[in-house]
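K.L.:
Residue numbers (the numbering used here), protein chains in the order written: chain A, 285 to 590; chain B, 799 to 1219.
All C-beta atoms in this analysis are idealised placements derived from N, C-alpha and C, irrespective of residue type, glycine included.
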Amino acid sequence: MALPTHASTLERVWHYTYLTICALIFLFLIAPILIVIPLSFNAEPYFTFTEKMLKFDPTGFSTRWYDLLLTFGMNEPDAVRDSSWWADAWNNAAWINAAKNSIIIGFFATVIATTLGTVAALGLSRPEMPGRRIIMAILISPMIVPIIITATGLFFFYSSISIQDWGIPYLGVILAHATLGIPFVIITVTATLVGFDHSLTRAAANMGASPARTFFKVQMPLILPGVISGALFAFVTSFDEVVVVLFVGGLDEQTIPRQMWNGIREQISPAILSVATILVIISIALLTVVELLRRRSEKLRGMSPQ
Amino acid sequence: MLTTVGGKPLKEALAHAQSRAKRRAFLLVLPLLAFIVVSFIFPIGQMLYKSVSNTGFTISKDFGTGVSTPIMTNLAEWFEENPQGTDPDETAYAALAADLLVLRELKAPGQAGTRINYELSGSRSMFTKAARKAKKLAPPFKESIIDLDEDWADPSLWQAMRTASSAVTVNFYLAALDRKRADDGSVEMVPENRQVYVTLFKRTLILSLMITVICFFLAFPIAHLMATLPMRKSNLLMILVLLPFWTSLLVRTTSWMIVLQSQGVLNDAMVATGILADENRIQMMYNQTGTVIAMTHILLPFMVLPLYSVMSMINPSYVRAARSMGATSWTAFRRIYFPQTVPGIGAGALLVFILSVGYYITPALVGGADGQLISNLIAFHMTKSLNWSLAAALAAILLGAVLLLYWLYDRLIGIDNLKLG
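1. I'd like to know if A/Ser346 contacts chain B, where contact means its C-beta is closer than 9 angstroms to some C-beta of that chain.
2. So, for B/Lys940: in the same chain, excluding its five sequence neighbours on each side, which residues have a beta-carbon less than 6 angstroms away from its beta-carbon?
3. Pick helix, strand or coil for A/Phe519, following the three-state DSSP scheme.
4. Check whether the Cβ of B/Val1117 lies closer than 8 angstroms to any heavy atom of the ligand MG, and answer yes or no.
5. Mind checking which residues open and close the beta strand (DSSP E) that includes B/Thr1181?
6. Answer yes or no: does any C-beta atom of chain A fall closer than 9 angstroms to that of B/Ala819?
7. Interface residues of chain B around A/Leu506 at Cβ under 7 angstroms?
8. Assuming A/Leu408 and A/Met420 form a contact by the criterion Cβ under 8 angstroms, report the distance between their Cβ atoms to the nearest whole angstrom.
9. Among the residues of its own chain, which have a CB less than 7 angstroms from the CB of B/Leu904, if the five just before and after it don't count?
10. Alpha carbon to alpha carbon, how far is B/Thr1052 from B/Ala1119?
11. Which residues share a DSSP beta bridge with A/Phe345?
12. Just to make sure I have the definition right: I need the residues of chain D whose C-beta is within less than 8 angstroms of the C-beta of A/Ser444. Which are they?
13. Run through the stretch 963–996 of chain B for me and flag every whole beta strand (DSSP E) of 3 or more residues, listed as ranges in chain order.
14. Residues of chain A with a CB under 9 angstroms from the CB of B/Tyr1116: which are they?
15. Considering only the beta carbon of each residue, do A/Leu354 and A/Ala377 sit closer than 9 angstroms?
16. With a threshold of 16 other CB atoms inside 10 Å of the CB of B/Glu810, please say whether the residue is buried or exposed.
17. Relative to the alpha-carbon of A/Ser425, which residue among A/Val469, A/Arg410, A/Thr498, A/Val478 has its alpha-carbon at the smallest distance?
18. Taking the C-alpha atoms as reference points, what is the distance between A/Val457 and A/Tyr302?
19. What do you reckon, are the CB atoms on B/Val1200 and A/Pro430 nearer than 9 angstroms?
20. What does DSSP give as the partner residue(s) for B/Lys859 in the beta ladder?
21. Work out the CA separation of B/Met959 and B/Thr1056 for me, nearest whole Å.
22. At the level of alpha carbons, what is the spacing between B/Pro1104 and A/Val320?
23. To the nearest angstrom, report how far apart B/Arg913 and B/Lys848 are at their CA atoms.
24. Short of 7 angstroms Cβ to Cβ, which residues in the stretch 1076–1106 of chain B face chain A?
25. Buried or exposed for A/Ser386, please, with buried defined as at least 16 other CB atoms from any protein chain shown within 10 angstroms of its CB.
26. What residue from A/Leu584, A/Pro316, A/Tyr330 has the CA that sits closest to A/Val564's CA?
27. Going along the chain, which residues of its own chain have a beta-carbon closer than 8 angstroms to the beta-carbon of B/Pro1042, five neighbours each way excluded?
28. Does the distance from the CB of A/Gly437 to the CB of A/Ala518 come in under 9 angstroms?
29. Indicate the three-state DSSP secondary structure (helix, strand or coil) for A/Thr334 in the structure shown.
30. Let me know the alpha helix (DSSP H) ranges lying completely inside the stretch 380–438 of chain A, each 4 residues or longer, listed in chain order.
31. Answer with yes or no whether the minimum CB distance from A/Trp349 to chain B is below 9 angstroms.
32. Mind listing the chain A neighbours of B/Ile1176? Cutoff is C-beta to C-beta under 7 angstroms, in chain order.
33. Which chain A residues sit within Cβ distance under 9 angstroms of B/Ala1190?
34. Would you verify that the beta carbon of A/Ser567 is, or is not, closer than 9 angstroms to some beta carbon of chain B?
35. Return the chain-ordered list of same chain residues with a C-beta closer than 6 angstroms to the C-beta of A/Tyr350, the five sequence neighbours on each side being excluded.
36. Using a Cβ cut-off of 8 angstroms, pull out every chain B residue sitting near A/Thr463, in sequence order please.
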């Protein structure tokens, strides 16, 4: 928004005030997220910048909290760091186990949500779909209904069918997370399908392609960016979810958010900040991927940004 | 008449093809719909059932064998035969004595007592005590039971047992609205010092409204800026909005704890620059302020995104036309630009409000005592006080409110227009 040359003094003053206000709002959005990164390298167990840190004295910084993340819960954290030490870390370190659980749960929840969600989105975006509005409302509702209500309902449901005794680890949490991820898949995939030119599928059918072949050769490549970003959304939803895990997860089903939740509630140590830093870096990476996918999708559909 | 190659009337053939296409579209959606119904709708229905079901005083379930036995049957019979307001006579106490004997055999006096305890605190121990001595009870039962504890003659206890002995009840909803049954069965408010839920519902609504308004004032300028900048620059700024959106909720809440606590970054910075004396550091965490600030930050992207998508569609020539016809920039904004942004404001405000009404995690971590919302109380009854029926009733009321707003959102904006980035 450029200031026109004929702007009056008042308009100029307002224009720069406005830009300052916007800058402050962006600062409000982004500063709290970035501030954990330097603080996670604090050498002292404080949550604020020490004098040494402000003077960029190297002794004020350390990676001790990252080290604590790795060793916490190990049998012999102080042993020599050889291959058996690393095996110990891999098997026993609490945060590594939590990460493993989070990834397993997130992976299966994403697969379920993405498969079912994409197929349903294909149906929903057909013009002849009956009862579209109400069905869409039902499918999006897991995103709108407060998480505590979902968790409460699932708690009663799972205990009435005693899902813990079925012998499939993480099953309850995976199904719940898939449910929570589905709205995101539906929204992103239907958004990609809005601009989809249906004469392409008709053309393919006209030339003798079977419906399956049409789907994999014509539709799939075009909606793939939307499907992948929907899957990433679903994964992040699962990876970040704590309430359902607290309510229906077994005691051994510790995930990263659950571990963080306990850490924050009991005694908050700067180790939490190092986890937070790692998660921020992961989210930056995911955001980049989604942004690239969005551009690619726009390009495929002939809508490139100027 | 027009026919197809096969000789069928064209109209019929078209209708046939149409219904086949409909079926095909529906079959694609069906697996997901079935999944959602089983894993989401059904559990919530079960929870709603729990909020009116009242089996604590009528059925005892042995969790080892899974066998359910009816309890308090004699008393229930007496309640049925004698209308509300009858003073319990000898037959009533005899029925109670018989039921206490059954409780003792089933080892269930604790369960039955707990159910009555929800209505009348302190009565659980009366049940366990009386059941222990149930074998020694002899006629006249009225005297011998009142001998055990004179509270057995309390009319409110008999009222509590009367309501508890029917299988369906609205009492948990009454409790969730700070009301209870009086001794004569009418509905009255609970004593003032025990009224918590209505206050909490009000607080939840007020804080959500506040968060929505703040979000609007913060989102409007930046959405406007992004909508008027060239695409390349606005895409960069968009990343600043989307990064918080993609960052873990717990990470964002933790960051605010670090920034706002009394030994935290913000207070330290203010003390260091001399704005604040060391002894009067501002308490911004573990109270309502903390909840509002952190939740505003978390929900802000949900306001910015719909606003931005509406604003970027507004044709700038309208404002230019107004200016060229002599409107001041303020008038042009107020009369021309702002009315066109209203759909975006509606979408964003409703979304933020819906999401904040049911918020749990952030208030639980940064809310302290007075920053708790209704969700936190539901969690409290689920995990600490174990009054699951009350938790379910509170959840049902919250669900009703959210679904109403959701319906409004669908009416006004349409769910199809929900966008993520």
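P.N.:
Taking the coordinates as given:
1. no
2. Glu888, Tyr891
3. helix
4. Among the components modelled here there is no ligand, and therefore nothing to report on the ligand MG.
5. It is not in any beta strand (DSSP E) - B/Thr1181 instead sits in the alpha helix (DSSP H) that spans 1172–1181.
6. yes
7. Chain B residues near A/Leu506: none, gap ~17 angstroms exceeds 7 angstroms.
8. 6 angstroms
9. Ser858, Thr867, Ile869
10. 48 angstroms
11. A/Asn326
12. This model lacks chain D altogether; the protein chains it does include are A and B.
13. 977–979, 985–987
14. What B/Tyr1116 touches in chain A: nothing, since even the nearest Cβ is about 16 angstroms away.
15. yes
16. exposed
17. A/Val469
18. 47 angstroms
19. yes
20. B/Ser866
21. What sits at residue 1056 of chain B in the sequence shown is Ile, not Thr. Between B/Ile1056 and B/Met959, the C-alpha separation is close to 50 angstroms.
22. 29 angstroms
23. 14 angstroms
24. His1095, Leu1098
25. buried
26. A/Pro316
27. Arg1050, His1095, Ile1096, Leu1098, Pro1099
28. no
29. coil
30. 416–428
31. no
32. Ile432, Thr436
33. Thr436, Gly437, Phe440
34. yes
35. Ser558
36. Phe833, Ile834, Ser837, Phe838
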